[in-house]
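Colleague: The structure under discussion is supplied below as structure tokens; questions concerning it will follow.
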Amino acid sequence: MATSTSSRYQGSASPPAAPTPRSFRNSSMAPPTPSSPPRIRRREAYRMQGQPGAPTFPTLDSPMPPAKPPAKKNRSRRTGSRRQAASAGRKLGRRASATAEELDHIEIRGAREHNLKSIDVDIPKKQLVVMTGVSGSGKSSLAFDTLYAEGQRRYVESLSAYARQFLGQMEKPRYDTIRGLSPTISIEQKTTSNNPRSTVGTITEISDYLRVLWARTGRQHCHVCGDRVESQTAEQIAKTLGRLDVGTKLVLLAPLLVNRKGEHRELLEEARRAGWLRLRVDGEIVETEGLDALGKRKKHDVEAVIDRLVVKPGIKGRLTESVETALRIGDGQLIASVVGNSDQTFSEHAACARCLISFPELTPQAFSFNSPQGMCSDCNGLGNRFEIDPELVVPDDSLTIDEGALRPWGENVSEKEGFGSGFHKQILKQLGVSVNKPWNEFSQKQRREILYGASDRRFKVKWKGKNGGGGQFDTTWEGLIPRLMRRFRDTKSEGMKRWYGKYMANTACTSCEGTRLRPESAAVRVANRTLVETSSMTVDEARRFFGTIKLTGADRKIASEVLKEIRSRLDFLAAVGLGYLSLDRAGPSLSGGESQRIRLASQVGSDLTGVIYILDEPSIGLHPRDNQRLLETLERMRDIGNTVVVVEHDEETIRAADHVIDFGPGAGIAGGDVVHAGTPDSLERDRGSLTGDYLSGRRQIEVPAERRCASGGLKIQGARENNLRDIDVEIPLGILTAVTGVSGAGKSTLVNDILYPAAARELVGSSARVGRHRRLSGLGQLDKVIDIDQKPIGRTPRSNPATYIKVFDEVRRFFSDLPESRVHGYKPGRFSFNVKGGRCEACQGDGVRKIEMHFLADVFVRCEECLGKRFNEATLRIEYRGHSIADVLDLTVAEAIELFAAHPKVAGPLKLLERVGLDYLHLGQPSPTLSGGEAQRIKLARELSKRATGRTLYILDEPTTGLHFEDVRKLLGVLDELVEAGNSVVVIEHNLDVIKTADWIIDIGPEGGPDGGEIVCCGTPEDVRHFRASHTGRSLAPVLAAHTARASSGTPRPTKKARASTTRRSRSRAAR
318 MATSTSSRYQ GSASPPAAPT PRSFRNSSMA PPTPSSPPRI RRREAYRMQG
368 QPGAPTFPTL DSPMPPAKPP AKKNRSRRTG SRRQAASAGR KLGRRASATA
418 EELDHIEIRG AREHNLKSID VDIPKKQLVV MTGVSGSGKS SLAFDTLYAE
468 GQRRYVESLS AYARQFLGQM EKPRYDTIRG LSPTISIEQK TTSNNPRSTV
518 GTITEISDYL RVLWARTGRQ HCHVCGDRVE SQTAEQIAKT LGRLDVGTKL
568 VLLAPLLVNR KGEHRELLEE ARRAGWLRLR VDGEIVETEG LDALGKRKKH
618 DVEAVIDRLV VKPGIKGRLT ESVETALRIG DGQLIASVVG NSDQTFSEHA
668 ACARCLISFP ELTPQAFSFN SPQGMCSDCN GLGNRFEIDP ELVVPDDSLT
718 IDEGALRPWG ENVSEKEGFG SGFHKQILKQ LGVSVNKPWN EFSQKQRREI
768 LYGASDRRFK VKWKGKNGGG GQFDTTWEGL IPRLMRRFRD TKSEGMKRWY
818 GKYMANTACT SCEGTRLRPE SAAVRVANRT LVETSSMTVD EARRFFGTIK
868 LTGADRKIAS EVLKEIRSRL DFLAAVGLGY LSLDRAGPSL SGGESQRIRL
918 ASQVGSDLTG VIYILDEPSI GLHPRDNQRL LETLERMRDI GNTVVVVEHD
968 EETIRAADHV IDFGPGAGIA GGDVVHAGTP DSLERDRGSL TGDYLSGRRQ
1018 IEVPAERRCA SGGLKIQGAR ENNLRDIDVE IPLGILTAVT GVSGAGKSTL
1068 VNDILYPAAA RELVGSSARV GRHRRLSGLG QLDKVIDIDQ KPIGRTPRSN
1118 PATYIKVFDE VRRFFSDLPE SRVHGYKPGR FSFNVKGGRC EACQGDGVRK
1168 IEMHFLADVF VRCEECLGKR FNEATLRIEY RGHSIADVLD LTVAEAIELF
1218 AAHPKVAGPL KLLERVGLDY LHLGQPSPTL SGGEAQRIKL ARELSKRATG
1268 RTLYILDEPT TGLHFEDVRK LLGVLDELVE AGNSVVVIEH NLDVIKTADW
1318 IIDIGPEGGP DGGEIVCCGT PEDVRHFRAS HTGRSLAPVL AAHTARASSG
1368 TPRPTKKARA STTRRSRSRA AR
């Protein structure tokens, strides 16, 4: 498991203190390997041997010889860090001829993890190193599964047994030797957290500092009336009362009971025993003698009369004494009643004098929505609840009620006709609402009364019987939304529950309005801003606010260090292109690329040196405009003394590298070799490298000769979800459309939050929440809509590519039809690892068994019965061409196609995986191990396997994630086939190779966050390139210019095989 990104490793070879579970999160870090020369004295090392938690010094695959005897004391001291390191290594009996600190590179020999073919590679230290190659060529196998895994394994082995219980067990990667390994930190594309309580602020720890700032320098205000809330001492209260006009008559009271129902006999008896002669009961002063009980069914306020006095000179002593007594009796509160005037409440604790509300002491926990002291009690700090959504009840506010503005009344027969219709019309008439007036013309009060009721009013409703009788009754109107919620809770019909569920969604909590905090905490202010207001700011807005914040006096000193930390973290987030994210953005809503860059920002802020950082495609989700800022961040990490290893396909990143390692030449069994290692310039000259061919232009994704014309279009009107600014946009059909824009511009909001759910609701009856918009028209031109997203195809190891595309069903049927299977009477279920009969029952088809180690981490070991094959011995005896069912699952797609070449029902679906560039995947590879891009392409292959019907809208969000230039070429060929079959494709994309080949571009921006949300331009790539206000246009211009230059210079076009199948033929020249 990973160590904390916020930890600071100091380079000591001695084991760190035992960590806590919270310490290991976000990124993955392994401190220096035991093969590095330890920085402890020889004598101390010997003394620690055998002690719990003592450091271990494993060898590089060779036994450690006996330690040499201590050197003589008069031996001259060597100087220089390298000589000291070498001396320390020799004193501890290290055999290695060169140590980690002596090497200026990481030396890997015989790496053979996964498809790596026992490769030897040197990775230079303190440089920006890019590993590239086609998908499945072995990049991640070397970077993550070998380099990082070995660094982490060596670190874990150096810890005590107590510390190891918090860390996962890691197998040793397959290699011969690795030398020069430094601490390793892995920053992958995984989503930061699926916890709905996780936000950008909590992930980056900015929220922690904000809570401290508000707790220590915040000013409390009453959440009801807004007045300032302050606590006062007895002296301060006496001084305030002493300033009243001379002659003012005061009665000092100590509250004993506030708004409590009952007789309160015990309280009255205690007051008499305490010697209180008078009490004020419900505003009237009465004597305690003879007062035995109060009204049983009435709520009462009871105060003890402490003193009655007149303000005059020399009364300070008596006044102070009486105030102290009242505070003691009243549990820190007193009421000063001015005779003939109003009461004023004072408190030793924070309390509102007007509303008589006490407030707890401000602590950081009071501002945490994960703590009971700070969270909203209704939504438990989540900010939302599953309730009827007004936006789903009124999807189109331009309609009248008679036209169906209130959708439930228009769909439910009992509400549309008969008594329900008459009842509603009478209620609406008495509310002063016209059923022929558009919903958007009603006042806020009228809308609120219709949806949430008018409980303070009574309504007269007339009714008529079937036989002519009738009558009238009085009733209340609870409101349409409470009415639907009540019926949803009461109904026992699953069909009706589903119907009510169509109008339900995770809506903002009505108590805290989505802020997650309790109202008392949400009312505290710093620099006249609440924590809620500050958390809703984007990173860029927060930088401006905290850059100009003015605090005075003690607050300035208290906040100085806190503000420094907040500003630092905000600056690093902006540096990696995340300035558009709001601090309260939910963690699960972040893309993999955004999550990775958040962790990258945390690492930049740590200022670690001498570390190996391993990053997985950090450019994912970044517009070309933002890529330079990311590169500057990576270069800064390198320049302070770190080795930065990046697995990347982005051309700009490859060209910025100091050293490039190109893997290939193909994927899977055709890959696993180092094709080239050197500078980007040398890679470009290497004709044996596919990457080099694309960098040099010898091979390229061509711009289409013609752009297709749209066969129709959809129109979204009034899109205003998130940062969209009430925009209207037309989406052409029958072509490939690219939706572009900088990060945070509003692309995903338009396509994923409005277009897809609105179309799915209309075409396939989806109940997913639809983003705010007025209308989506043109859906009659479509039969269905399909969102091919990057969500996992399965969440358990039992799910794999073969089961997802249904090819494993055909494989099992094929094995059950083999002669030997028929002899034994085996059915297809015999060859399933999910069903009893054919699977190994010792591991229940998992192939591994979990061993609980109690105080150590659980260990997963290969099943001893089936040796990890998942099936029992009888099942494994059934073979086809020397392959059992377990062997088939272990084949790559390419190998399986060759094995089943004569069986189209098996080979056909597998060839679709090959066409989308996934021929390197194993059929039985567990779904959780697949990247988002791989999962998306598997879904695309599954769609291709279905019978083509045309009139389908396909939506893809960044389909080029994780793709090499050659893989992008293959993908574009597949997307072209979809369009040529009469379908429409909409892609959200930053990749310029996809954008330049699209038929139409919709560019959103101009910037991210609140500065985005508008349509910058629309048109063909040739049109968009001329829009200087468009960041996409400016990035696209040189790409298209280079293509034009090649065409005009007569440079031969690549062969048809090398092109991206993107030469467009017009579907209908007459339409053009």
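My numbering puts the first residue of the sequence shown at 318, with every later residue one more than the last. Just so you know, even glycine gets a beta-carbon here, dropped at the ideal spot from N, CA and C. Keep in mind it's a predicted model, so treat the numbers as computed, not measured.
1. If you run the structure through DSSP and keep just helix, strand and coil, what is R1089?
2. Just to confirm my understanding: we take A555, look at its own chain, exclude 5 residues before and 5 after, and list those with CB closer than 8 Å. What are they?
3. Restricting to Cα atoms, I'd like to know which of L1273, F461, A1298 is closest to G1249.
4. What does DSSP give as the partner residue(s) for W780 in the beta ladder?
5. Evaluate contact between the segment 785 to 797 and the segment 817 to 830, counting only Cβ atoms and requiring at least three cross-stretch pairs below 8 Å.
6. When the distance is taken between beta carbons, is A1224 closer than 8 Å to I1122?
7. Just list the alpha helix (DSSP H) runs in the segment 510 to 595, keeping only unbroken ones of 4 residues or longer that don't cross its boundaries, in chain order.
8. Given this structure, state the Cα-to-Cα distance separating D943 from G894, to the nearest angstrom.
9. For H976, count neighbouring Cβ atoms within 10 angstroms of its own Cβ and tell me buried if that reaches 16, exposed if not.
10. Do the CB positions of R528 and K578 come within less than 8 Å of each other?
11. Return the Cβ separation of N1308 and Y1271 in integer angstroms, given the expectation that the two are a contact with Cβ distance under 8 Å.
12. Should R1349 and D1320 be called a contact, given that it needs their Cβ atoms to be closer than 8 Å?
13. What's the gap between the Cα of A771 and the Cα of R764?
14. Can you find at least 3 beta carbon pairs, one from the segment 541 to 560 and one from the segment 655 to 674, that sit closer than 8 Å?
15. Please look up how many angstroms separate the CB atoms of T286 and N959, rounded, as I've assumed it's under 8 Å.
16. With E704 as the anchor, note down where its beta strand (DSSP E) starts and where it stops.
17. Could you give the first and the last residue of the continuous alpha helix (DSSP H) run that contains T1008?
18. Mapping DSSP to helix, strand and coil, what is V1102?
19. Do P513 and E430 count as a contact pair if the criterion is CB distance below 8 Å?
20. Could you pull the start and end residues of the alpha helix (DSSP H) that N944 belongs to?
21. From D901, F980, K616, pick the residue whose C-alpha is nearest to that of S515; which is it?
22. Just how far apart, CA to CA, sit G985 and R471?
23. Around the C-beta of N1151, are 16 or more other C-beta atoms found within 10 angstroms, so that it is buried, or is it exposed?
24. Less than 8 Å between the C-beta atoms of W531 and F684, yes or no?
25. With distance defined between alpha-carbon atoms, name the residue in D609, N576, W593, E580 nearest to G600.
26. Mark F703 as exposed unless 16 or more other C-beta atoms lie within 10 angstroms of its C-beta, in which case mark it buried.
27. By alpha-carbon positions, which one of E1339, I1318, E1297 ends up nearest to V1046?
28. Three Cβ pairs or more, each shorter than 8 Å: is that satisfied between the segment 987 to 994 and the segment 948 to 955?
29. Since R884 and F862 are thought to touch, with beta carbons under 8 Å apart, how far apart are those beta carbons, to the nearest angstrom?
30. Suppose you measure from the CA of T869 to the CA of A840; what does that come to, to the nearest Å?
31. Do the segment 1324 to 1344 and the segment 1031 to 1042 touch if we need at least three Cβ pairs shorter than 8 Å?
32. Could you tell me which of A1119, S936, G1051, H940 sits nearest to L1247, measuring between CA atoms?
33. When burial is assigned at 16 or more other CB atoms within 10 Å of the CB, is T1113 buried or exposed?
34. Just the C-alpha distance for T463 and E488, rounded to the nearest angstrom, thanks.
35. Would you call the segment 839 to 853 and the segment 715 to 724 in contact, with 3 or more CB pairs under 8 Å?
36. Please name the residue or residues paired with F1188 in a DSSP beta bridge.
Modeller: With the given structure in hand:
1. R1089 falls in the coil class under three-state DSSP.
2. Within the same chain, and ignoring the five residues on either side of A555 in sequence, the residues whose Cβ sits closer than 8 Å to its Cβ are K633, L636, T637, V640.
3. Here the closest residue by C-alpha is L1273.
4. DSSP, once it has assigned bridges, lists G788 as partnering W780.
5. Two segments are said to touch when three or more pairs of C-beta atoms, one from each, lie closer than 8 Å; by this definition the segment 785 to 797 does not touch the segment 817 to 830.
6. Their beta carbons are not under 8 Å apart, which means I1122 does not touch A1224 by this criterion.
7. Every unbroken stretch of the alpha helix (DSSP H) spanning 4 or more residues and falling wholly within the segment 510 to 595 is given here in chain order: 517 to 520, 523 to 534, 551 to 559, 582 to 590.
8. For D943 and G894, the distance between alpha carbons rounds to 6 Å.
9. It is buried - the Cβ of H976 has at least 16 other Cβ atoms within 10 Å.
10. By the CB criterion at 8 Å, R528 and K578 fall outside the cutoff.
11. Actually they are not in contact, since the Cβ atoms of N1308 and Y1271 sit about 17 Å apart, beyond 8 Å.
12. The amino acid occupying residue 1349 in the given sequence is Thr; Arg does not appear at that position. Taking 8 Å as the Cβ cut-off, T1349 and D1320 qualify as a contacting pair.
13. A771 and R764: Cα-Cα distance of roughly 11 Å.
14. With the cut-off at 8 Å, the segment 541 to 560 and the segment 655 to 674 touch.
15. Any question about residue 286 goes unanswered here, given that the chain covers just 318 to 1389.
16. Residues 701 to 705.
17. Run containing T1008: 1007 to 1013, per the alpha helix (DSSP H) assignment.
18. Strand, per DSSP.
19. No, these two residues do not count as a Cβ contact at 8 Å.
20. N944 -> alpha helix (DSSP H) spans 941 to 956.
21. Of D901, F980, K616, the smallest CA-CA separation from S515 is found for D901.
22. Annotation: G985 to R471 spans about 28 Å, alpha carbon to alpha carbon.
23. Result: exposed.
24. Contact flag set, yes.
25. Considering only alpha carbons, the answer is N576.
26. That one is exposed.
27. For V1046, the closest C-alpha among the options E1339, I1318, E1297 is that of I1318.
28. No: the two stretches stay apart, fewer than three of their Cβ pairs being nearer than 8 Å.
29. The Cβ separation is near 10 Å, so there is no contact.
30. Taking the straight line from one Cα to the other gives about 21 Å.
31. A contact exists between the segment 1324 to 1344 and the segment 1031 to 1042.
32. It is A1119 whose Cα lies nearest to the Cα of L1247.
33. It counts as exposed.
34. If you take the alpha carbons of T463 and E488, they lie about 10 Å apart.
35. Contact fails between the segment 839 to 853 and the segment 715 to 724, because fewer than three Cβ pairs, one in each stretch, are under 8 Å apart.
36. Beta-bridge pairing links F1188 to R1156.
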